[in-house]
Amino acid sequence: MITIIAAAAENNALGKNNDLVWHLPHDFKRFKKLTSGHHIIMGRKTFESFPNLLPKRTHIVITRNEDYQPEGAIVINSLEKAIDAVKNDDQPFIIGGGEIYKLAMEKADKIELTRVHGSFDADTFFPKIDKEKWKISAEEFHEKDENHEYSFTYLTYERK
């Protein structure tokens, strides 16, 4: 089962200048819990946005740059080849960015989306979720609080 995992605003904003435009500690903890022990597939820019490798995960980086060889990551030149490379993982995750998410929408079985309640100025966006192809199977709302400037909802979508 291939799962897309993302946090996107109500206007589908993901980030700006290769960074998130909000800080949600509980979402980071959920991301770590869900993805630990699995392969995480991402584009080069997403990989380069991390200060370090994410522990307890195998990093698969998609890039067309054949000379790109970051330490600690597996480099592959297409989403199809990345998915093929993780077939022994029962739960690989596609973690971004925007272009990789667009490509993955037809290949994924599940979407774990944190919907951040607000609209943001961004340069990267999550693709529109086609309600004809996806249904919500779980929903959990979190009100803004002293640690979270915005309220958010965890949404689990499954392919119909």
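Going by this note's numbering, 38 is the number at position 47 of the sequence shown; the sequence numbering is gapless. Note that the Cβ used here is the ideal one computed from N, Cα and C, for glycine as well.
Taking the Cβ atoms as the reference, residue 102 lies roughly 17 Å from residue 77, outside the contact range of under 8 Å.
With fewer than 16 other beta carbons inside 10 angstroms of its own, residue 129 counts as exposed.
Around the beta carbon of residue 106, 16 or more other beta carbons sit within 10 angstroms, so the residue counts as buried. For residue 22, the closest C-alpha among the options 85, 89 and 119 is that of 85.
Here the C-alpha atom of residue 48 lies approximately 10 Å from the C-alpha atom of residue 32. Under the three-state reduction of DSSP, residue 26 is assigned to helix.
For residue 141, same chain residues with a beta-carbon under 8 Å away, outside a window of 5 residues either side, are 13, 15, 107, 108, 109 and 135 in chain order. Taking C-alpha positions only, residue 44 is separated from residue 99 by approximately 24 Å. Contact between the stretch -1 to 10 and the stretch 110 to 119 is present, with at least three C-beta pairs closer than 8 Å. Contact check for residue 117 and residue -1: beta-carbon distance about 4 Å, within the 8 Å limit, so the pair qualifies. Taking the Cα positions, residue 57 is about 21 Å away from residue 30. Secondary structure at residue 141: coil, using DSSP grouped into helix, strand and coil.
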